[in-house]
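Accompanying notes for the structure given below.
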């Protein structure tokens, strides 16, 4: 397994990981809505690699194929994990944990005191993953996709 900074050539693979993971994870969402959302949210415009405070990492398997990624933005004393996905076939093997650990290393350069992550409140697997890393649910929110509002859980890790 190799974890490295993403580059512009990785966006097709990032989008593919997001698509398969969303379809596997978010049964509550319509399949066509998932496809449209992934097409909108996982692009070089929505994840600018050179933006200040931005960290985008990918995980490659032994064949060199991208099987996971994360995107975080540090502002002030807080970093927000906006995206972290691992292909379903690679989950449960420590890939997400290793990706998280590398992300924390990268975010330490921005001198943050806390890291937050956001996910749909109905995603129990995400809750278990983040709690296993020491995060606590500290807030709730809402995310709107194509006019529909979904409850969101906010997880926080104090460093």
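Numbering (this note's numbering), first residue to last: 3 to 161. All C-beta atoms in this analysis are idealised placements derived from N, C-alpha and C, irrespective of residue type, glycine included.
{"Check": "C-alpha gap between residue 136 and residue 126, whole angstroms", "Outcome": "15 Å"}
{"Check": "Distance, residue 109 Cα to residue 21 Cα", "Outcome": "26 Å"}
{"Check": "Residue 83 beta carbon less than 8 Å from that of residue 119", "Outcome": "yes"}
{"Check": "Coil, strand or helix - residue 139 by DSSP", "Outcome": "strand"}
{"Check": "Opposing strand residues paired with residue 158 [DSSP bridges]", "Outcome": "118 and 138"}
{"Check": "Limits of the unbroken beta strand (DSSP E) element including residue 62", "Outcome": "56 to 62"}
{"Check": "Residue 52 - DSSP class collapsed to helix/strand/coil", "Outcome": "coil"}
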